[in-house]
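Have a look at the structure below before the remarks.
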Amino acid sequence: QVIGFSYIYSGDFQYQFKVDEIGQTRVLVGFNEETFTYHLENNEHLYTPATILVFSDQGINKMTQIFHDVVRERIIPERWALKERPLLLNSWEAVTFDFDTNKVLSFIDSAKELNIEMVVLDDGWFGHRNADNSSLGDWYLNSDKIDLKKVVDYAHSKGMKFGLWFE
34 QVIGFSYIYS GDFQYQFKVD EIGQTRVLVG FNEETFTYHL ENNEHLYTPA
84 TILVFSDQGI NKMTQIFHDV VRERIIPERW ALKERPLLLN SWEAVTFDFD
134 TNKVLSFIDS AKELNIEMVV LDDGWFGHRN ADNSSLGDWY LNSDKIDLKK
184 VVDYAHSKGM KFGLWFE
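Per this note's numbering, numbering of the sequence shown is gapless, rising by one per residue and ending at 200.
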C-alpha cells in the first residue's frame with residue numbers, strides 16, 4: 034500500500050511529516066516557510082496551490098499512474114491533455130549560461146539532423162544573467178548575447194518550433 038502527495042506548484046515548497054504519541058501521522062504540505070514571503074494588503078487574499086493525495090493498494094507504479102490520470106483529466110486543459118508533445122532540445126544541459134547566437138544556431142542544425150522538432154533556449158537570454166545570482170525576472174532580452182529574432186527565424190526556416198525558458 035502506498036500514499037503519495039503532489040503539491041501543484043513549481044516553486045519552492047516543503048513537506049513535513051509528524052507522528053504523534055499514539056502513532057498517527059500528520060502531513061503538512063505547502064510553501065517553504067524559509068523561502069516564501071508574500072505581503073498582503075488589507076482585504077487581499079492569497080490562494081494557495083492544491084495538493085493531490087493518492088492511495089494505491091497496488092504499489093508505487095499504480096500510484097504514479099493515478100497521478101498521471103489526475104493531472105491529465107483534472108489539471109491540463111482538455112485540448113492539451115492528450116496532445117503529443119514535440120521532441121525538444123533544451124540548451125541548459127549543453128551549455129548552461131554559456132551561449133551566443135552561433136551556438137544556438139548550431140543547436141538548431143544538430144536538432145534538425147536528429148529529427149528533433151523544437152529547440153528551447155533556457156536560462157541566460159535576458160538581463161545580465163550569466164550566473165544564477167542575478168537578473169532573474171528581468172525579462173529584457175540581452176541583445177549583446179543573443180540575436181533572438183535571427184535564432185527564431187532560423188528555427189522556423191528549418192520547420193522547427195522555438196521556445197524560451199521562463200521561471
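Beta carbons: idealized from backbone N, C-alpha and C, even for Gly.
Note that the coordinates shown come from a computational prediction; the quantities given were computed from them, not determined experimentally.
- Each residue's CA atom was taken as its position, placing Val104 and Ser190 some 35 Å apart.
- Comparing alpha carbon positions, the residue from Phe130, Ile41, Asp53 closest to Phe159 is Phe130.
- Residue environment: Lys178 is assigned as buried (16 or more neighbouring CB atoms within 10 Å of its CB, all protein chains considered).
- Residue range 84-89 is occupied by the beta strand (DSSP E) that includes Ser89, with no alpha helix (DSSP H) assigned at that position.
- In the DSSP annotation of this structure, Gly92 is not part of any beta strand (DSSP E); the continuous alpha helix (DSSP H) holding it starts and ends at 92-103.
- Counting the other CB atoms within 10 Å of its CB gives Val185 a total of 16 or more, which places it among the buried residues.
- When DSSP states are grouped into helix, strand and coil, Asn135 belongs to the helix group.
- The Cβ atoms of Leu120 and Glu146 do not sit closer than 8 Å to each other.
- Under DSSP, Ile36 takes part in a beta bridge, and its partners are Phe88.
- Considering only Gln47, Ala164, Met96, the residue with the shortest C-alpha distance to Gly63 is Gln47.
- Assignment of Phe130 by DSSP, reduced to helix, strand and coil, places it in the coil class.
- Residue state for Phe140 is assigned as helix, using DSSP reduced to three classes.
- When the beta-carbon positions are compared, Trp198 and Asp156 come within less than 8 Å of each other.
- About 5 Å separates the beta carbons of Asp90 and Gln34, which is inside the 8 Å limit, making them a contact pair.
- Rounded to the nearest whole angstrom, the C-alpha separation of Asp180 and Leu138 is 10 Å.
- The alpha-carbon separation between Phe69 and Gly44 amounts to approximately 9 Å.
- In this structure, the CA atom of Tyr187 is about 20 Å from the CA atom of Ala127.
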